[in-house]
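One structure is given here, and the rest of the page talks about it.
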Amino acid sequence: MLWYKVWLETRARFLISLVGMTALCAYRVYDGNHSASSSIPISYRYFILHSGQQLLSVMWLVAVTLLMMGGLLQEKVTGSASFTLALPVSRARMMKVRICAGLMQSALMIVVPWTAMYAASYFSGPAHSLDQVLFYVVLLAGGGAVFVGTALLISSLVEGTYTAPMISAGIVLACGNAPKSLAFLNPMDFIGGRDYLGPDNLSNGPIPWGHVAAYMSVAALLIVASVKVLERRDF
Amino acid sequence: MSSPTVIETMGLSKLYGRSHAVRNLNLTVRPNRITAFLGLNGAGKSTTIRMLLGMIMPSEGSGTVLGRRIDDPAESVALRRDVAYVSEDKRLYNYMTVEQMIRFTSGFVPGWREDVATALLRRYELPAGRKVRHLSKGMHTKLALLLAIARSPALLILDEPSEGLDPRGVEQLLETLVAQCAEGTSIFFSSHQIEEVERISDQVCVIHHGRLVMDAALDELRESWRRVDVVLPGGAHVGDFEMQGVERVHTRGKQMSVVASGNVDAIITRASESGATAIDVTPVGLREIFLQTIDLDTSGEN
Chain A
24 MLWYKVWLET RARFLISLVG MTALCAYRVY DGNHSASSSI PISYRYFILH
74 SGQQLLSVMW LVAVTLLMMG GLLQEKVTGS ASFTLALPVS RARMMKVRIC
124 AGLMQSALMI VVPWTAMYAA SYFSGPAHSL DQVLFYVVLL AGGGAVFVGT
174 ALLISSLVEG TYTAPMISAG IVLACGNAPK SLAFLNPMDF IGGRDYLGPD
224 NLSNGPIPWG HVAAYMSVAA LLIVASVKVL ERRDF
Chain B
548 MSSPTVIETM GLSKLYGRSH AVRNLNLTVR PNRITAFLGL NGAGKSTTIR
598 MLLGMIMPSE GSGTVLGRRI DDPAESVALR RDVAYVSEDK RLYNYMTVEQ
648 MIRFTSGFVP GWREDVATAL LRRYELPAGR KVRHLSKGMH TKLALLLAIA
698 RSPALLILDE PSEGLDPRGV EQLLETLVAQ CAEGTSIFFS SHQIEEVERI
748 SDQVCVIHHG RLVMDAALDE LRESWRRVDV VLPGGAHVGD FEMQGVERVH
798 TRGKQMSVVA SGNVDAIITR ASESGATAID VTPVGLREIF LQTIDLDTSG
848 EN
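Written out as structure tokens, the structure is:
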């Protein structure tokens with residue numbers, strides 16, 4: 024039943040985000056074939072890989088930030104927290120369901136738009152390889168997990184309908200504008216994949232699993248911290 | 548065999564900074580009766596209830612509900628299987644319909660009474676397909692009550708249950724609570740509506756500044772509390788009536804009004820000895836008993 028609740032709570036945000044991102048990303052790639060192939064044909068693959076990923080990343084970060092808002096602190100604001108907390112369910116279990124649902128929805132918001140971009144490029148012109156798609160999917164999932172964890176922790180720490188999403192969005196913006204000297208620490212730079220693929224280097228190498236594992240570990244710590252914070256909180 | 552208590556707290560306290568919301572509370576609620584929990588705003592009623600349900604961790608002391616410890620997270624989950632709660636804030640999930648709320652809640656409760664839910668849905672005239680966000684305040688309250696009562700709980704805890712209800716809704720609520728109690732559900736509710744408390748309660752607990760200042764059966768209160776109005780032609784001397792059971796003495800000229808929680812016969816005797824020409828003994832309502840108890844506690848603190 025907790026899955027049922029999470030689905031009803033998030034389905035509008037999730038479906039609107041998923042459909043919007045998929046449509047925009049597919050159009051970007053389809054349109055890119057017509058505009059880029061005439062002027063800069065050699066850059067087309069780079070264009071759809073890099074530009075598509077960039078567009079998807081920005082939309083994905085906004086979507087997961089909004090999607091991970093909610094939970095008990097938000098319910099405290101909307102007045103339903105007392106009802107939820109009186110159910111015979113532990114807070115940890117409530118959080119686990121919410122986290123699992125959030126992660127699954129976040130993953131779908133990577134896979135579905137990328138599938139659409141791949142299909143659009145396949146039908147409209149020179150398609151890139153599935154390996155390259157997989158490469159970007161892993162970068163977005165790995166680096167993006169940090170933002171999922173951050174949004175979750177903030178939603179467990181900060182009350183207010185608008186305060187938590189504003190702070191989360193602020194962190195995303197700060198990462199987007201962080202100094203280049205900190206690029207090795209910045210999951211935003213990792214997601215963009217500039218260090219691995221570029222206009223002159225379209226053949227992807229091995230996936231940087233070490234970096235992915237590091238970012239996933241940070242995300243896991245943030246998620247565990249948010250569960251612990253909520254378990255100890257008075258309502 | 549049923550437990551001798553459904554709620555028991557031992558030195559339960561909650562501190563916010565240096566301020567005590569609840570202070571060394573020793574509360575005992577017995578089964579199969581309706582117990583009212585009275586107090587002024589900020590007295591600690593909601594904080595106590597939230598501690599009982601594991602929403603707030605006590606700063607000191609402990610307690611049990613249906614024999615399970617309130618400060619143990621696992622036992623708190625277990626006790627909530629048998630306890631239904633209607634909070635002061637009766638808002639529910641805005642994104643669900645009434646029907647979805649019922650389906651959702653029933654999924655957590657093995658003893659869910661579908662027949663009760665259907666009957667209350669009809670009785671409260673709740674629109675099953677309407678989104679919760681489009682319900683009136685009174686309908687929110689009725690839906691929260693339906694979700695609590697259909698769980699057929701061993702203990703029903705309600706925080707200001709009649710708030711937001713129209714007079715007809717209040718009547719339905721009081722009838723429902725009495726019927727629930729008759730079916731074996733213990734009821735513990737906080738309220739500011741003294742008239743409602745007086746109509747249905749068996750036991751009355753009063754909390755003031757986080758401390759329990761009264762725990763008595765309503766029948767005993769009705770039996771023991773009296774107002775004795777006397778006319779003393781020779782003048783009233785308050786000191787003459789300082790005796791056991793006298794809670795308040797008010798004089799106005801030759802008239803004296805004594806509010807007593809007992810020992811009324813001795814007060815009447817003293818009045819006669821003092822030359823009273825008229826003695827009138829009347830019952831005292833719960834409102835006055837409540838206010839008197841609070842005032843006494845406040846003057847005791849000062």
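Residue numbers (this note's numbering), protein chains in the order written: chain A, 24 to 258; chain B, 548 to 849. C-beta: ideal position from N, C-alpha, C; glycine also. Please read all numbers here as calculations on a predicted model, not as lab measurements.
query                                                                                                                        : result
Local conformation of B:Y640 per DSSP, three classes                                                                         : coil
Cutoff 6 Å; reference B:L599; Cβ partners in own chain excluding five residues on either side                                : V612 and I617
Chain-ordered neighbours of A:V100 on chain B, where CB pairs are closer than 8 Å                                            : Result: empty, since nearest Cβ-Cβ is about 10 Å, beyond 8 Å.
Helix, strand or coil at A:G102 according to DSSP, with G and I counted as helix                                             : coil
Cross-chain neighbours of B:L639 in chain A, by beta carbon under 9 Å                                                        : G102, S103 and F106
Three-state secondary structure assigned by DSSP to B:R795                                                                   : strand
Within 8 Å, strictly: CB atoms of A:V181 and A:I194                                                                          : no
Collapsed DSSP secondary structure at B:T824 in the structure displayed                                                      : coil
Beta-carbon contacts of B:A823 that lie in its chain and below 7 Å, excluding the five residues immediately before and after : V777, V778 and L779
For B:P830, the residue or residues it bridges with in DSSP                                                                  : B:R773
From B:G781, B:N810 and B:L703, residue whose alpha carbon lies closest to that of B:A825                                    : B:G781
Helix, strand or coil at B:D619 according to DSSP, with G and I counted as helix                                             : coil
Inter-residue CB distance, B:L639 and A:F106 (contact presumed, cutoff 8 Å)                                                  : 6 Å
B:D636 burial status per 10 Å Cβ neighbour count (16 or more: buried)                                                        : buried
Paired residues, beta bridge with B:H567 - DSSP                                                                              : B:L562
Meets three-Cβ-pair contact criterion under 8 Å: the region 140-154 of chain A and the region 71-90 of chain A               : yes
8 Å Cβ cutoff, A:V120 in contact with chain B                                                                                : no
Rounded straight-line distance, which links the Cα of B:P708 to that of B:E672                                               : 18 Å
Exposure of B:W772, with buried meaning 16 or more beta-carbon neighbours within 10 Å                                        : buried
Residues of its chain near A:G199, where Cβ-Cβ distance is below 6 Å and the 5 sequence neighbours each way are ignored      : M211
A:P64 at chain B interface by Cβ criterion, 8 Å                                                                              : Note that A:P64 scores a pLDDT of 49, beneath 50, so its modelled location is shaky and nothing firm can be said.
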